[in-house]
Amino acid sequence: EPEVTQTPSHQVTQMGQEVILRCVPISNHLYFYWYRQILGQKVEFLVSFYNNEISEKSEIFDDQFSVERPDGSNFTLKIRSTKLEDSAMYFCASRERTSEETQYFGPGTRLLVL
Amino acid sequence: KQEVTQIPAALSVPEGENLVLNCSFTDSAIYNLQWFRQDPGKGLTSLLLIQSSQREQTSGRLNASLDKSSGRSTLYIAASQPGDSATYLCADAAGGTSYGKLTFGQGTILTVHP
Chain A
84 EPEVTQTPSH QVTQMGQEVI LRCVPISNHL YFYWYRQILG QKVEFLVSFY NNEISEKSEI
144 FDDQFSVERP DGSNFTLKIR STKLEDSAMY FCASRERTSE ETQYFGPGTR LLVL
Chain B
4 KQEVTQIPAA LSVPEGENLV LNCSFTDSAI YNLQWFRQDP GKGLTSLLLI QSSQREQTSG
64 RLNASLDKSS GRSTLYIAAS QPGDSATYLC ADAAGGTSYG KLTFGQGTIL TVHP
């Protein structure tokens, strides 16, 4: 069964460093999302991406964040200058077409900023 | 702004019991409602999706219902097993101009003991 994959599974970085989290969505899906979950808190929406552009973003998704689909398979989240409060589990998700369809989630990347 | 609340926050039951998890949401303009399972430190596994036009969905021992007018959904688990122990999350897909972003509840931590 097709699945969303994410790399790396864990990443430790120093405050102020740039990180890139990678995702491979399910191949025929058109809509892509990033969510994050700070330890002990709710899963929060960050950004949605469709037709090679951001379709919606939350107030969390400030200028330090960017997303890109550099080729036909990868979908990346970049944090330019990490802060301690960026430490969280980051989930990528994708869905096929309509908003009525299931979003499929990847296993997540656990980011720790020291 | 959509708010999703889950009750109870935690539930501990003996094996074999039937149980109900509750989810409420403030804005009824949703495309669908999804129930997920999350094991400790892991990703999100989609269990059931109920379209906004549907009243319920069933998969094996799981049954989810949706009442948009009252802003409520329930997840019914029949004949619970220790392997059902996990955190259960509900999330609704926003309607209107949103691209289907999910708003999550804080989850119900379920423990089924032998």
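Chains as they are written, first to last, in my numbering: chain A, 84 to 197; chain B, 4 to 117. By construction, the Cβ of each residue, glycine as well, lies at the ideal position given by its N, Cα and C atoms. Computed from a prediction, not measured in an experiment: that's the story for all the values here.
Please work out which residues of its chain come closer than 6 Å, Cβ to Cβ, to residue i, disregarding the five sequence neighbours upstream and downstream, and give them in chain order.
{"i": "residue 108 (chain A)", "result": "87, 115, 158, 177"}
{"i": "residue 47 (chain B)", "result": "39, 41"}
{"i": "residue 60 (chain B)", "result": "51, 53, 67"}
{"i": "residue 81 (chain B)", "result": "21, 64"}
{"i": "residue 93 (chain A)", "result": "193"}
Which of helix, strand or coil does DSSP assign to residue i?
{"i": "residue 17 (chain B)", "result": "strand"}
{"i": "residue 200 (chain A)", "result": "Beyond the ends of chain A as shown, which are 84 and 197, falls residue 200 (chain A); an answer cannot be given."}
{"i": "residue 42 (chain B)", "result": "coil"}
{"i": "residue 70 (chain B)", "result": "strand"}
{"i": "residue 95 (chain B)", "result": "strand"}
Residue i and residue j look like a contact to me (Cβ under 8 Å); what is the Cβ gap, rounded to whole Å?
{"i": "residue 150 (chain A)", "j": "residue 126 (chain A)", "result": "That belief does not hold up - the Cβ atoms of residue 150 (chain A) and residue 126 (chain A) are roughly 17 Å apart, past 8 Å."}
{"i": "residue 24 (chain B)", "j": "residue 111 (chain B)", "result": "5 Å"}
{"i": "residue 169 (chain A)", "j": "residue 194 (chain A)", "result": "6 Å"}
Less than 7 Å between C-beta atoms, sequence neighbours within five positions excluded: which residues of the same chain meet that for residue i?
{"i": "residue 113 (chain A)", "result": "133, 179, 180"}
{"i": "residue 191 (chain A)", "result": "89, 172, 173, 174"}
{"i": "residue 135 (chain A)", "result": "152"}
{"i": "residue 91 (chain A)", "result": "192"}
Spatial neighbours of residue i within its chain, please: CB distance less than 8 Å, with the 5 preceding and 5 following residues excluded, ordered by chain position.
{"i": "residue 103 (chain B)", "result": "34, 96, 97"}
{"i": "residue 58 (chain B)", "result": "68, 69, 70"}
{"i": "residue 16 (chain B)", "result": "22, 83, 113, 114, 115, 116"}
**Request:** Could you run through the segment 127-149 of chain A and flag, in chain order, every residue whose CB is less than 7 Å away from some CB of chain B?
**Result:** The residues in question are 128, 131, 133, 138, 139.
**Item:** Residues within the segment 54-80 of chain B neighbouring chain A, beta-carbon criterion of under 8 Å
**Value:** Residues of the segment 54-80 of chain B that bring their beta carbon within less than 8 Å of a beta carbon in chain A comprise 54, 55, in sequence order.
**Request:** With 8 Å as the limit, tell me which residues of the segment 107-124 of chain A have their beta carbon closer than that to any beta carbon of chain B; keep them in chain order.
**Result:** Those would be 114, 116, 118, 124, in chain order.
**Prompt:** Which residues, in chain order, does the segment 87-117 of chain B contribute to contact with chain A at a C-beta distance below 9 Å?
**Reply:** Of all residues in the segment 87-117 of chain B, 92, 94, 96, 97, 98, 100, 101, 102, 103, 104, 105, 106, 107, 108, 109, 110 have a Cβ within less than 9 Å of some Cβ in chain A.
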